[in-house]
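A.B. asks: Here my numbering is used: position 290 in the sequence shown is 470, and no number is missing along the way.
We put the beta carbon where it would ideally sit given N, CA and C, even for glycine.
Bear in mind the structure is a predicted one, so any value in this text is a computation, not a measurement.
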Amino acid sequence: MKYEGEPAEGNVPCSGLITIYIPIHSKPFISMIPSPGPALFAAVTKATCEAFRRAEITLPSDVIEALRNARESETSEIARGELANILANLEMAERLSVPICQDTGVPVVYLTIPPHVPLTTEIYGAIAEGVRMATEEVPLRPNVVDPLTRENSGDNTGTGMPAIHVRPGDSLTITVLPKGAGAENMSRISMMLPSEREQIPKFLAETMLIAGGKPCPPVILGVGIGGTFDEAASLAKEALLDPIDTMTPYEQELLDAVNMLGIGPMGLGGSTTALAVKVKTAGCHTASLPVAVNVQCWACRRATVEVPT
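(1) Between which two residues does the beta strand (DSSP E) containing isoleucine 344 stretch?
(2) By how many angstroms is the C-alpha of histidine 296 removed from the C-alpha of leucine 420?
(3) Between the beta-carbon of valine 318 and the beta-carbon of glutamate 236, is there less than 7 Å?
(4) Rounded to the nearest angstrom, how far is the Cβ of valine 471 from that of glutamate 431, given a contact under 8 Å?
(5) For the alpha helix (DSSP H) that arginine 481 lies in, which residues bound it at each end?
(6) Count the other CB atoms, across all protein chains shown, that sit within 10 Å of the CB of glutamate 184; report buried if there are 16 or more and exposed otherwise.
(7) Of the choices Leu455, Ile424, Gly447 and Leu448, whose alpha-carbon is the least far from that of alanine 437?
(8) Measure the alpha-carbon distance for glycine 362 versus proline 298 and round it to whole angstroms.
(9) Who pairs with isoleucine 400 in a beta bridge, going by DSSP?
(10) How many angstroms separate the CA atom of leucine 220 from the CA atom of alanine 308?
(11) What residues in its chain sit with their C-beta under 7 Å from that of aspartate 350, if we drop five residues either side in the sequence?
(12) Glycine 305 bridges to which residues according to DSSP?
(13) Within this structure, are the beta carbons of valine 403 and leucine 435 separated by less than 7 Å?
(14) Mark glutamate 271 as exposed unless 16 or more other C-beta atoms lie within 10 angstroms of its C-beta, in which case mark it buried.
(15) Excluding the 5 residues preceding and the 5 following isoleucine 238 in the sequence, name in chain order all residues of the same chain whose CB lies nearer than 6 Å to its CB.
(16) In the segment 247–332, which residue ranges form an unbroken beta strand (DSSP E) of at least 3 residues, counting only runs that do not cross its ends?
(17) Keeping to the same chain, check which residues put their C-beta closer than 7 Å to that of cysteine 281; ignore five residues upstream and five downstream.
(18) Once you ignore the five residues that flank valine 487 on each side, which residues in its own chain have a CB closer than 6 Å to its CB?
(19) Since proline 342 contacts valine 311 with CB under 8 Å, what's their CB separation in whole angstroms?
(20) Taking the runs of the alpha helix (DSSP H) that are 4 residues or longer, which of them lie wholly in the segment 339–391?
(21) Run the CB neighbour count on arginine 377, radius 10 Å, all protein chains shown included, and call it buried at 16 or more, exposed below.
(22) On the premise that isoleucine 443 lies in contact with methionine 388, defined as a C-beta separation below 8 Å, what is that separation, rounded to the nearest angstrom?
(23) Cα-Cα, which of Leu291, Thr426, Val278 and Gly393 is closest to cysteine 477?
(24) Which of helix, strand or coil does DSSP assign to isoleucine 237?
(25) By Cβ distance, which residues of its chain are closer than 8 Å to valine 288, with the 5 residues on each side in sequence left out?
(26) Give the straight-line distance between the Cα atoms of arginine 330 and methionine 366, rounded to the nearest whole angstrom.
(27) What did DSSP end up calling glycine 442 once you bin it into helix, strand or coil?
(28) Leucine 291 to arginine 347, Cα distance in whole Å?
(29) If you draw a straight line from the alpha carbon of arginine 233 to that of alanine 467, how long is it in whole angstroms?
(30) Considering Cα atoms alone, identify which of Ser370, Glu433 and Val325 is closest to glutamate 411.
(31) Go ahead and pull the three-state DSSP assignment for proline 218.
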């Protein structure tokens, strides 16, 4: 896979130095840290494949517990039945080691990298190779296509795919968040005015009214507030990585607004339209209030694997 700014083959910048090429519109910079060896890249590939295997076959314990609690608290017999079917599906997927859902999503990866590991082009390539491996071995449905020609790459890689987000940290970890189309297609963003903060609960409720049963509720809503247009959307998706067994009072307020709609599991009615709302914020322009909602179906698939360094 080629990333923007990647040097041509054979074009080595300086002996003993590594030029780190970031896949965004920025100039390369020089790192004095020695380049990682092939063993580390192989470990990144293996960790990526393993992370997708775990994410596709099992759900995090906090999500499973939320589904169980929803089944117990639902007053609608139909809603309880749908939640029971979801839980039975989870048990069967884990027992048979098969994906939870036929839509195994597009590969979204959060790479946490420590100071002593240089961010090189090869790490991006190793992650992409891990996606190819997972596509064949898990297996994953080939979902990635060219947006205009609709040609399928066949291995879930392509321009900008996997979508890799880099974060600093103390260890090298691969966190994956496979994202299916049914929920992703219902996500929205609004460039609100600063005076419209009180309209945020309404915006979330409107988002779910438009979505109805399409995103396979009960959903989890990641909400990004602040930043810029693009950062709000990024925050909303990253919020889906947070555990849902605890919420702030504001997150609970937003959740209550959504659950008052009565859309219920699979859109068939009930008190559980959403399992949780998770919010991330960032500073924004004094004249702006960006708000993004990333809709996640009940199958909130996330998994993390640490790579020894």
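C.D. replies: Judging by the given coordinates:
(1) 343–348
(2) 28 Å
(3) yes
(4) Between glutamate 431 and valine 471 the Cβ distance is about 14 Å, and since that is not below 8 Å, they are no contact.
(5) Run containing arginine 481: none; DSSP gives neither H nor E here.
(6) Residue placement at glutamate 184 cannot be trusted, given a pLDDT of 40 that sits under 50; the coordinates are not used to answer.
(7) Leu455
(8) Cα-Cα distance, rounded: 37 Å.
(9) Ala456 and Gln476
(10) 14 Å
(11) The answer, listed in chain order, is Pro294.
(12) None; glycine 305 has no bridge partner.
(13) no
(14) By the neighbour-count rule (16 or more Cβ atoms within 10 Å), glutamate 271 is not buried but exposed.
(15) As written in the sequence, residue 238 is threonine, which differs from the isoleucine given in the question. So the qualifying residues of the chain are Glu274.
(16) 288–293
(17) Excluding sequence neighbours, cysteine 281 sits near Gly360 and Ala479.
(18) Ala223, Val224, Ala227 and Leu352
(19) 5 Å
(20) 361–364 and 380–391
(21) exposed
(22) 6 Å
(23) Gly393
(24) helix
(25) Pro342, Ala343, His345, Val356, Leu357, Pro358, Lys359 and Lys417
(26) 20 Å
(27) coil
(28) If you take the alpha carbons of leucine 291 and arginine 347, they lie about 6 Å apart.
(29) 44 Å
(30) Ser370
(31) helix
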